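In numbering that gives the first Met the number 0, the protein residues as written are 0 to 116.
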Amino acid sequence: MDNLTPEQRRKNMRAIKNKDSKSECILRKALWSRGYRYRKNYRKLIGKPDVVFVVKKVAVFCDGEFWHGYNYKENTDVAGTNKEYWNKKIKRNMERDLEVTRKLEEEGWIVLRFFLV
């Protein structure tokens, strides 16, 4: 059972960032301070990787544990309400992640995926 009203839940969900999360910013800052230059949220590639090293053909994705199904089989009960919806959504995210990774690798890219809390 959800402890929030539908309006509160909607507000919370809208506040979740899809780019420039704290973990992403920490990673990018660490890379930049070590002299690595990159493109962020690179729209020219499928999946719009969070960090891209164009010349080296390396695409980095910073994926949220919940949204991208990290330890999904062990955590299928994490979604409190509307489990059917969330299970379907997370499974589709996982499938899409695999599709994106395969397509990029077929084009000669190295794909790195990090799961962030």
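Cβ atoms here follow ideal geometry from the backbone N, Cα and C, with glycine treated the same way.
Computed from a predicted structure; not experimentally measured.
Report task. Please name the residue in LEU103, GLU6, LYS82, GLU23 whose C-alpha comes closest to that of VAL57. Result -> LEU103
Query raised in the report: ARG112 CB to nearest chain C CB: under 7 angstroms?
Result: In the structure shown, chain C does not exist; there is a single protein chain.
**Report entry** Three-state class that DSSP yields for ARG38 in the structure shown
**Finding:** strand
**Report entry** Exposure of ILE89, with buried meaning 16 or more beta-carbon neighbours within 10 Å
**Finding:** buried
Query raised in the report: Should the stretch 82-97 be called in touch with the stretch 27-37, which here means at least 3 C-beta pairs below 8 angstroms?
Result: no
Report task. Would you mind giving the Cβ-Cβ distance between LYS10 and ARG27, rounded to the nearest angstrom? I have them listed as a contact below 8 angstroms. Result -> Between ARG27 and LYS10 the Cβ distance is about 28 angstroms, and since that is not below 8 angstroms, they are no contact.
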